[in-house]
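K.L.:
I have a structure I would like to understand better, so I am pasting it below and will then ask my questions one at a time.
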Amino acid sequence: MTATFDYEKCNKCKQCYKLCPMDIIAWDEGEDRPYVKYPDECQLCFICQVECPTKAMKVKIPLAFW
Amino acid sequence: MATIVRKMIPSRDIFFIFLKPCARAKYAYISKTGGMLKYGLKLLREIREEWWPKVKAENPHDLMRAAEVRNIMTVAEIHMAASLFRTESVPYGRHFLHRLDYPTQHPTWYRQRVVIKNEDGEMRLYKTETVEQRPPTREDYEAVKEIKP
Chain A
1 MTATFDYEKC NKCKQCYKLC PMDIIAWDEG EDRPYVKYPD ECQLCFICQV
51 ECPTKAMKVK IPLAFW
Chain B
1 MATIVRKMIP SRDIFFIFLK PCARAKYAYI SKTGGMLKYG LKLLREIREE
51 WWPKVKAENP HDLMRAAEVR NIMTVAEIHM AASLFRTESV PYGRHFLHRL
101 DYPTQHPTWY RQRVVIKNED GEMRLYKTET VEQRPPTRED YEAVKEIKP
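This is the structure we're talking about:
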């Protein structure tokens, strides 16, 4: 899993959901929070991490990435 | 891609349901036989004709997986047809092919290569001779030297 959320910090502004260019982040309507639906398609552009106003989003570079 | 068929299969499932267990891993592994390859090809064509029209893609992510699966099917079919066409075993180091029903090299396949062409949507296999491969001689070097200033 490349992108992880800290749900205690998240203020539900939907910035990560709107800005993700590969559309890997989906919105969980029941829980009212974002989640990573397609983790294997993440291109590591870090837009979600940079644009998150509360720094609740963290993207990790996987070890197998070259 | 997204067509209305009576029983839809999510495209991301087709790889795990049909392709991975049946086609490559079972019938075209390291040691091959003619019967296994023929049966694998039959299964693969069955999948392509019966199940492929039922695959649906709900979003671009699924469409990408479906395109990948289609390419994997093409590659598997080419691999199995070429292995079936070449009726000899080739040792490791050239192009490795181990067929249990033809366990040795054969002189009719000496310096022959399998070429596969797409002719009107049909896969055609040809046996073509390769050129002789040898290290360059002194005459070759001198010929190049003459051309150069």
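Protein chains in written order, with our numbering: chain A, 1 to 66; chain B, 1 to 149. Ideal placement from N, C-alpha and C gives every residue a C-beta, glycine not left out.
(1) Comparing alpha-carbon positions, which option in A:C13, A:I25 and A:E31 lies nearest F46 (chain A)?
(2) Would you mind listing the alpha helix (DSSP H) stretches within the region 24 to 50 of chain B that are 4+ residues and don't spill past its ends, in chain order?
(3) Give the residues of chain B in contact with E41 (chain A), contact being defined as C-beta atoms less than 9 Å apart.
(4) Might you give, ordered along the chain, the residues of its own chain that have their beta carbon closer than 7 Å to the beta carbon of D101 (chain B), omitting 5 neighbours on each side?
(5) By Cβ distance, which residues of its chain are closer than 6 Å to P21 (chain B), with the 5 residues on each side in sequence left out?
(6) Could you tell me whether any Cβ in chain B is nearer than 8 Å to the Cβ of Y7 (chain A)?
(7) Distance cutoff 8 Å, beta carbons only. Does Y17 (chain A) sit that close to anything in chain B?
(8) Cα separation between C48 (chain A) and N71 (chain B)?
P.N.:
According to the structure data:
(1) With distances taken between Cα atoms, F46 (chain A) lies closest to A:I25.
(2) Taken in chain order, the complete alpha helix (DSSP H) segments of 4 residues or longer contained in the region 24 to 50 of chain B are 34 to 46.
(3) H61 and M64
(4) The residues are T33 and G34.
(5) Confidence is the limiting factor: at P21 (chain B) the pLDDT is only 48, short of 50, which leaves the residue's position unreliable, though a coordinate-based value still follows. Hits under 6 Å: none found.
(6) no
(7) no
(8) 32 Å
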